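From first to last, the protein sequence lines stand for chains C and F.
Just so you know, we're using the numbering used here here: the first sequence kicks off at 2 and counts up by one.
Just so you know, we're using the numbering used here here: the second sequence kicks off at 56 and counts up by one.
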Amino acid sequence: MNNELVHIRGLKTYFHTFAGVIKAVDGVDFSLDQGEILGVVGESGCGKSVVGFSIMGLIDAPGRIESGEILFNGVNLPDLDERDMRKVRGKEITMIFQDPMTSLNPLYTIQAQMEEVMKLHSTMNAEERKKRCIELLDDVGISQPASRLKNYPHQFSGGMRQRVIIAIALASNPKLVIADEPTTALDVTIQSQILKLMKRLVREHRTAMMLITHDLAVVSEMTDKIIVMYCGRIVEKGTRDDIINRCRHPYTLGLLGSIPNLAARQKRLNQIPGMVPNIMQLPSGCAFAPRCDYVQEKCRSHRPELLEIEPGHATACYYPVERQL
Amino acid sequence: MPTIIKKNQAFWASEFVHNFRGNSSAIIGSAIIIFFIFVVTLGPSLVRQNPYDIASLELMDAYKPPVWLPGGETKYILGTDGQGRDLLASIVYGTRISLLIGLAAMFCSSLIGATLGLIAGYYGGRWDGVIMRIADVQLSFPSLLIALFLMSAFGNGIDKVLISLTCVGWVVYARTVRGSTLSEKQKEYVQAAQAAGLPNRKIIVRHILPNVLTPLIVVATIQIGTFILIEASLSFLGVGVPITKPSLGLLVKNGFDVLLSGLWWTSVFPGAVIMLIVFGINLLGDFLRDELNPRLR
Numbered sequence: 002m003n004n005e006l007v008h009i010r011g012l013k014t015y016f017h018t019f020a021g022v023i024k025a026v027d028g029v030d031f032s033l034d035q036g037e038i039l040g041v042v043g044e045s046g047c048g049k050s051v052v053g054f055s056i057m058g059l060i061d062a063p064g065r066i067e068s069g070e071i072l073f074n075g076v077n078l079p080d081l082d083e084r085d086m087r088k089v090r091g092k093e094i095t096m097i098f099q100d101p102m103t104s105l106n107p108l109y110t111i112q113a114q115m116e117e118v119m120k121l122h123s124t125m126n127a128e129e130r131k132k133r134c135i136e137l138l139d140d141v142g143i144s145q146p147a148s149r150l151k152n153y154p155h156q157f158s159g160g161m162r163q164r165v166i167i168a169i170a171l172a173s174n175p176k177l178v179i180a181d182e183p184t185t186a187l188d189v190t191i192q193s194q195i196l197k198l199m200k201r202l203v204r205e206h207r208t209a210m211m212l213i214t215h216d217l218a219v220v221s222e223m224t225d226k227i228i229v230m231y232c233g234r235i236v237e238k239g240t241r242d243d244i245i246n247r248c249r250h251p252y253t254l255g256l257l258g259s260i261p262n263l264a265a266r267q268k269r270l271n272q273i274p275g276m277v278p279n280i281m282q283l284p285s286g287c288a289f290a291p292r293c294d295y296v297q298e299k300c301r302s303h304r305p306e307l308l309e310i311e312p313g314h315a316t317a318c319y320y321p322v323e324r325q326l
Numbered sequence: 056m057p058t059i060i061k062k063n064q065a066f067w068a069s070e071f072v073h074n075f076r077g078n079s080s081a082i083i084g085s086a087i088i089i090f091f092i093f094v095v096t097l098g099p100s101l102v103r104q105n106p107y108d109i110a111s112l113e114l115m116d117a118y119k120p121p122v123w124l125p126g127g128e129t130k131y132i133l134g135t136d137g138q139g140r141d142l143l144a145s146i147v148y149g150t151r152i153s154l155l156i157g158l159a160a161m162f163c164s165s166l167i168g169a170t171l172g173l174i175a176g177y178y179g180g181r182w183d184g185v186i187m188r189i190a191d192v193q194l195s196f197p198s199l200l201i202a203l204f205l206m207s208a209f210g211n212g213i214d215k216v217l218i219s220l221t222c223v224g225w226v227v228y229a230r231t232v233r234g235s236t237l238s239e240k241q242k243e244y245v246q247a248a249q250a251a252g253l254p255n256r257k258i259i260v261r262h263i264l265p266n267v268l269t270p271l272i273v274v275a276t277i278q279i280g281t282f283i284l285i286e287a288s289l290s291f292l293g294v295g296v297p298i299t300k301p302s303l304g305l306l307v308k309n310g311f312d313v314l315l316s317g318l319w320w321t322s323v324f325p326g327a328v329i330m331l332i333v334f335g336i337n338l339l340g341d342f343l344r345d346e347l348n349p350r351l352r
């Protein structure tokens, strides 16, 4: 049985600015099965959010999807017109945003904001909608949900707002949830609660999820598969185990090395030397070469392709490292 | 019922009301405005003459001075004009026309200006360019000049004054609303609404409009005063309201011809009323601006 939900092939999303073309996403391929959780990891500006927005068809000018396919249940999303795309957004694919403080409209009660999606994408009547709201709020762990329906966003704390946002994202039983840094704005204790909640809910609803984050610690707890992006390209992808325990790309290794280790006493955190290169003046070879500890002559002149090194585990590096943390 | 009482109590206990009570200029401003609302609603039935009814005029009573000056009569408290019209009655009726024009122009131009501002701010790009360049060009001319030009093309009449004022006034609203729309659009709830599949039209009306209403209200309040002033200037220049329905500005003009002959009251009293109304509106407008703009607090 083929239960592949999303298949992205050769996706290129460029931004045409006055200063030149920014290749925010430059040839990305990956697939996602139903009910699977995929982590998309990378530093700021590596194009991971743009992948999410490309799937949603929410790339604003001057950005544009240049080429590539985004197959969702076999339908190529960029081919859909705005009208059909709106039926996918919020119904089949929903999004969870980074900042719970601004992603709810301050002027409406949370019931009104939850029902908005239901009104748009279902034929439920007022009573059913209310029942569903209570159910959803209960699901995301808000106590006495019925009494909180008429509350406004400012009456909730950050963590609770994110719970409400998750409830809204799940309201229409989507096939795919794209979570764009869902826990970045929350404090650490709330983070793990929210992550556990999200994991439980997507498993229960058999919803696939794309978790976009810069935090490898987050994805290592949550995901089935991980892709690591650098400067608009995938540098390594594989199962969670592949990436966390057997990573081969020096960049992934650097990311993993920079997670603080509580068991060992460290004076300084490990870091990746240098900075992300200007995306408009990428090096001619491997984009990571200037910062790479294992760089060789070939890396500076030729760009490595993403190649499978074992089934399901691919890396874009000429000299894949053996893990040595 | 109890929720209504609770909401009422919440309003009276709010910071807004508290600040209002502590702000004497806001209280004076609203007192002036409330007074003039009474004048225009009840005034016509209190004054003893209808200045539009030519049959009721006594030409013999022309240019009577105010009651406290020698020659003044108690039935003409503020004196009379050249046709023997009671100046108080003229002012009451004139205030009605001035305020009506000010309010109506505010509604029309905020409707048009807010719509264009929302479109420009939300869609950006070509729409934004066209709308905002028109606005920029228009702002490089004095608004009175544009209104004057339009009035000389249209001719006299209250409806034409209204059209001219709307053509002049929408710019301020459009710019204000566009600015707020741009900053609201950045917020994630707009992205969230897009991601939920809401059509743009609905996002604008349901999500952005309510959030840009605050600056709109502030600008609208202050603009009423501006509109009243522009209308008064137009009428003073003889291209505003028709002579049969005099507004305050036209009353000033009528008296201006004889001002230097010592018959000062015919133009000073209507002028003072214009000043008082605009003053009251500005006081209240300033309070609203300070109160509703969190950055100024």
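The beta carbon of each residue, even a glycine, is placed where N, CA and C say it ideally should be.
Everything numeric in this text was worked out from a predicted model, so none of it was measured.
- Message: Going by DSSP, what residue range makes up the alpha helix (DSSP H) through A170/C?
- Response: Here residue 170/C is taken as the residue at index 169 of the first sequence, counted from 1. Note, A170/C: alpha helix (DSSP H), 159-171.
- Once you ignore the five residues that flank M56/F on each side, which residues in its own chain have a CB closer than 8 Å to its CB? What you label residue 56/F is simply residue 1 of the second sequence in a count that begins at 1. For M56/F, the predicted structure reports a pLDDT of 47, less than 50, and the residue's modelled location is therefore unreliable. A value from the coordinates is still provided. Contacts found: none.
- Query: Helix, strand or coil: which one does DSSP assign to S69/F?
  - Reply: Here residue 69/F refers to the residue found at position 14 of the second sequence. Of the three classes helix, strand and coil, the one that applies to S69/F here is coil, per DSSP.
- Query: Rounded C-beta distance between M161/F and A275/F? I'm assuming under 8 Å.
  - Reply: Start at 1 with the first residue of the second sequence, and residue 161/F comes out as number 106. Start at 1 with the first residue of the second sequence, and residue 275/F comes out as number 220. Under the criterion of beta carbons closer than 8 Å, M161/F and A275/F qualify as touching, at roughly 5 Å.
- Cutoff 8 Å: H73/F Cβ touching any chain C Cβ: Reading the second sequence from its first residue, position 18 is the one you call residue 73/F. Chain C, which has no Cβ nearer than 8 Å to the Cβ of H73/F, makes this no.
- On a CA-only basis, which of V147/F, S79/F, Q246/F is nearest M96/C? Give me that one, please. Taking the first residue of the first sequence as 1, we reach residue 96/C at position 95. The option with the nearest alpha carbon to M96/C is Q246/F.
- Message: Between F19/C and chain F, is the shortest Cβ-Cβ distance under 8 Å, so that the two count as touching?
- Response: Taking the first sequence and counting its residues from 1, the one referred to as residue 19/C is at position 18. By this cut-off, F19/C is not an interface position.
- Item | E205/C: first and last residue of the uninterrupted alpha helix (DSSP H) it sits in | One-based indexing of the first sequence puts residue 205/C at position 204. First-last of the alpha helix (DSSP H) with E205/C: 189-206.
- Item | Per DSSP, the bridge partner or partners of L12/C | Here the question's residue 12/C lines up with position 11 in the first sequence. Beta-bridge pairing links L12/C to V29/C.
- Task: Measure the alpha-carbon distance for S79/F versus F93/F and round it to whole angstroms.
- Result: For the purposes of this step, residue 79/F is taken as residue 24 along the second sequence, with counting starting at 1. For the purposes of this step, residue 93/F is taken as residue 38 along the second sequence, with counting starting at 1. Each residue's alpha carbon lies about 21 Å from the other.
- Distance between R181/F and A62/C (C-alpha atoms, nearest Å): Looking up residue 62/C in the first sequence gives position 61. Looking up residue 181/F in the second sequence gives position 126. Near 12 Å, if we compare the C-alpha coordinates of R181/F and A62/C.
- Item | 7 Å CB neighbourhood of L338/F in its chain, flanking five on each side removed | Translated into positions along the second sequence, residue 338/F becomes position 283. Sequence-distant partners of L338/F (beyond 5 residues in either direction) whose C-beta falls short of 7 Å from its own C-beta, in its chain, are S80, A81, I83, G84.
- Task: Hey, could you find the ends of the beta strand (DSSP E) R140/F is sitting in?
- Result: Taking the second sequence and counting its residues from 1, the one referred to as residue 140/F is at position 85. Careful: R140/F lies outside any beta strand (DSSP E) and carries neither H nor E.
- Task: State the Cα-Cα distance for the pair F311/F and L142/F, rounded to the nearest angstrom.
- Result: Here residue 311/F corresponds to residue number 256 of the second sequence, with the count starting at 1. Here residue 142/F corresponds to residue number 87 of the second sequence, with the count starting at 1. The straight-line gap separating the alpha-carbon atoms of F311/F and L142/F is approximately 14 Å.
- With DSSP as the reference, label R269/C as helix, strand or coil. Residue mapping note: residue 269/C aligns to position 268 of the first sequence, counting from 1. Annotated three-state conformation of R269/C is coil, per DSSP.
- Message: Quick check on this structure: which residue in P305/C, V322/C, P284/C, L198/C has the alpha carbon closest to the alpha carbon of D243/C?
- Response: Counted from its first residue, the first sequence places residue 243/C at position 242. If we check each option's Cα against that of D243/C, V322/C comes out closest.
- Message: Helix, strand or coil for R249/C? Go by DSSP, reduced to three states.
- Response: The sequence position of residue 249/C within the first sequence is 248, counting from 1. Looking at R249/C - three-state DSSP - the assignment turns out to be coil, as it is neither helix nor strand.
- Message: Could you compute how far the alpha carbon of G304/F sits from the alpha carbon of G234/F?
- Response: Looking up residue 304/F in the second sequence gives position 249. Looking up residue 234/F in the second sequence gives position 179. When rounded, the distance between both Cα atoms is 34 Å.
- Item | Rounded separation between N74/F and A86/F - CA only | Here residue 74/F corresponds to residue number 19 of the second sequence, with the count starting at 1. Here residue 86/F corresponds to residue number 31 of the second sequence, with the count starting at 1. Our two residues, N74/F and A86/F, have alpha carbons roughly 16 Å apart in a direct line.
- Message: Please classify L308/C as buried or exposed, where buried requires at least 16 neighbouring CB atoms within 10 angstroms.
- Response: The residue given as residue 308/C occupies position 307 in the first sequence. By the 10 Å Cβ count, L308/C comes out exposed.
- Message: Suppose the cutoff is 6 Å on Cβ atoms and the five residues either side in sequence are ignored; what does the same chain contact list for G233/C look like?
- Response: Counting from 1 along the first sequence, the entry for residue 233/C is found at position 232. The answer, listed in chain order, is K24, A25, V26, D27, G48.
- Task: Would you mind working out which of E37/C, P261/C, F16/C, A147/C sits nearest H8/C, comparing C-alpha positions?
- Result: Within the first sequence, residue 8/C is the residue found at index 7, counting from 1. Nearest neighbour of H8/C by Cα position, chosen from E37/C, P261/C, F16/C, A147/C, turns out to be E37/C.
- Within 10 angstroms of its Cβ, does I167/C collect 16 or more other Cβ (buried), or is it exposed? For the purposes of this step, residue 167/C is taken as the residue at position 166 of the first sequence. I167/C should be labelled buried.
- Message: Taking 7 Å as the cut-off, is the C-beta of L105/C nearer than that to any heavy atom in the ligand ADP?
- Response: In terms of ligand content, the structure shown is empty, and the ligand ADP therefore cannot be addressed.
- Task: Select from the segment 99-129 of chain C all residues with a C-beta closer than 9 Å to any C-beta belonging to chain F, and list them in chain order.
- Result: Taking 9 Å as the cut-off between beta carbons, the residues of the segment 99-129 of chain C near chain F are Q99, D100, P101, M102, T103, S104, L105, N106, P107, L108, Y109, Q114, E117, V118, L121, H122, in sequence order.
- Query: Along chain C, which residues have their Cβ under 7 Å away from the Cβ of A250/F?
  - Reply: The residue you call residue 250/F lines up with position 195 of the second sequence. Residues of chain C passing the Cβ test: M57, L59, R90, G91, T95, M96.
- Proximal residues to N266/F (C-beta, below 8 Å), its chain only, five neighbours per side dropped: Walking along the second sequence from the start, residue 266/F turns up at place 211. Closer than 8 Å at Cβ, skipping near neighbours: S235, E239.
- Message: Please tell me whether A169/F and L217/F are closer than 8 Å, where the distance is taken between their beta carbons.
- Response: Here residue 169/F corresponds to residue number 114 of the second sequence, with the count starting at 1. Here residue 217/F corresponds to residue number 162 of the second sequence, with the count starting at 1. It is not a contact, given that the beta carbons lie outside the stated cut-off.
- Message: Is K242/F close to chain C? Criterion is C-beta to C-beta, closer than 8 Å.
- Response: Residue mapping note: residue 242/F aligns to position 187 of the second sequence, counting from 1. Contacts with chain C at 8 Å (Cβ-Cβ) include K242/F.
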